[in-house]
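Notes follow the structure.
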Amino acid sequence: MKKTILLAVCLLFTFYLVQGQQLSLSGQVGYAIGETKNWKKFMLLTGGSAGIEWELNRMKALKIGIGTGMLSFSSKNDTGVSVFTKKSMLVLPVSIIKKYTITRTTIAYMEFGINNSLYFREKRETFSPSGKITEKLNSTIFNVGGLVGVGLLTPISSRWNFGVAIGGHFDVFSFYKKAGEKFKSSSNIINTSFSRKL
């Protein structure tokens with residue numbers, strides 16, 4: 000029974016994937032401000048994502064994506080020893096894209112929507128005089144927030160477009176937490192993407 004349900008879900012996902020009108024692959028780099036109840040840190044943010052777009056009309060589209068990200072920052076513990084921390088996250092954005100024609104081949108766009116962030120792993124490297132100590136924490140935090148962005152798209156072939164955008168996300172509230180303390184972040188990023196018409 001479970002295998003049948005899983006197969007049905009996979010077939011349904013494949014159907015929606017095929018029905019999607021544009022596939023995009025993108026990479027992000029930027030900075031984030033992460034905070035808990037006890038501290039607030041400036042962090043490096045890197046990541047990548049894939050998304051499927053469906054046209055709502057000629058200049059508007061719905062985009063659903065999935066991606067991963069890494070938040071990295073350094074700090075000092077209570078004894079003054081340096082600690083380097085990496086937080087891994089899974090992102091599940093849903094957004095509306097509004098497009099504007101700039102020239103015959105260039106399109107500007109605005110993107111806004113809901114961003115879901117699942118922080119699922121934390122790795123800490125402590126650099127003490129006796130050597131490096133590595134800890135892995137399996138805390139799970141699911142946050143819901145928003146995303147915004149503006150960018151430009153230009154064709155590089157008959158089916159492929161190249162895009163550059165600036166934007167970011169912001170966590171609003173924690174929907175679920177298991178182990179660890181509550182954590183949320185907001186970011187500013189540069190995004191480069193390749194999109195292909197299906």
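According to numbering that gives the first Met the number 0, the sequence shown is numbered sequentially starting from 0. Glycine is no exception: its CB is placed at the ideal position from the N, C-alpha and C atoms.
{"query": "Going along the chain, which residues of its own chain have a beta-carbon closer than 8 angstroms to the beta-carbon of Lys36, five neighbours each way excluded?", "result": "Glu180 and Lys181"}
{"query": "Here's a check: name, in chain order, each residue in its chain whose Cβ is nearer than 6 angstroms to the Cβ of Lys62, leaving out the five neighbours to either side.", "result": "Gly50, Glu52, Ser94 and Ile96"}
{"query": "Got a sec, what are the start and stop residues for the beta strand (DSSP E) Gln27 sits in?", "result": "Gln21 to Glu34"}
{"query": "Could you give the residue range of the beta strand (DSSP E) that holds Ile188?", "result": "Lys183 to Lys196"}
{"query": "Kindly indicate which residue of Gln20, Leu91, Thr191 and Asp170 has the alpha-carbon position closest to the one of Ala31.", "result": "Asp170"}
{"query": "Ile51 by DSSP, collapsed to three states: which one?", "result": "strand"}
{"query": "Going residue by residue through the stretch 98–185, where are the continuous beta strand (DSSP E) segments of at least 3 residues, counting only ones entirely within it?", "result": "106–127, 130–136, 139–154 and 159–177"}
{"query": "Using DSSP bridges, identify the partner residues of Asn56.", "result": "Lys59"}
{"query": "Using the three-state DSSP reduction, which class does Val82 fall into: helix, strand or coil?", "result": "strand"}
{"query": "Tell whether a beta-carbon distance below 7 angstroms holds between Val266 and Met109.", "result": "Here the chain comprises residues numbered 0 to 197, so residue 266 is not present and cannot be evaluated."}
{"query": "Less than 7 angstroms between the C-beta atoms of Met58 and Lys98, yes or no?", "result": "yes"}
{"query": "Near Thr139, which residues of its chain fall below 6 angstroms by C-beta distance, leaving aside the five closest residues on each side in sequence?", "result": "Phe119 and Lys177"}
{"query": "Alpha carbon to alpha carbon, how far is Ser194 from Gln20? Give it in angstroms, no decimals.", "result": "10 angstroms"}
{"query": "Could you check if Ile188 is buried or exposed, using at least 16 other CB atoms within 10 Å of its CB as the buried criterion?", "result": "buried"}
{"query": "Return the residue from the list Ser81, Val82, Thr100 and Ser116 that minimises the CA-CA distance to Ser48.", "result": "Ser116"}
{"query": "Short check: CB of Asn114 to CB of Leu146, under 7 angstroms?", "result": "yes"}
{"query": "Rounding to the nearest angstrom, what Cα-Cα distance links Gly283 and Gly112 in this structure?", "result": "Given a span of 0 to 197 for the chain in the structure shown, any question on residue 283 remains unanswerable."}
{"query": "At the level of alpha carbons, what is the spacing between Gln27 and Lys40?", "result": "19 angstroms"}
{"query": "In whole angstroms, what is the alpha-carbon distance linking Asn137 and Gly46?", "result": "20 angstroms"}
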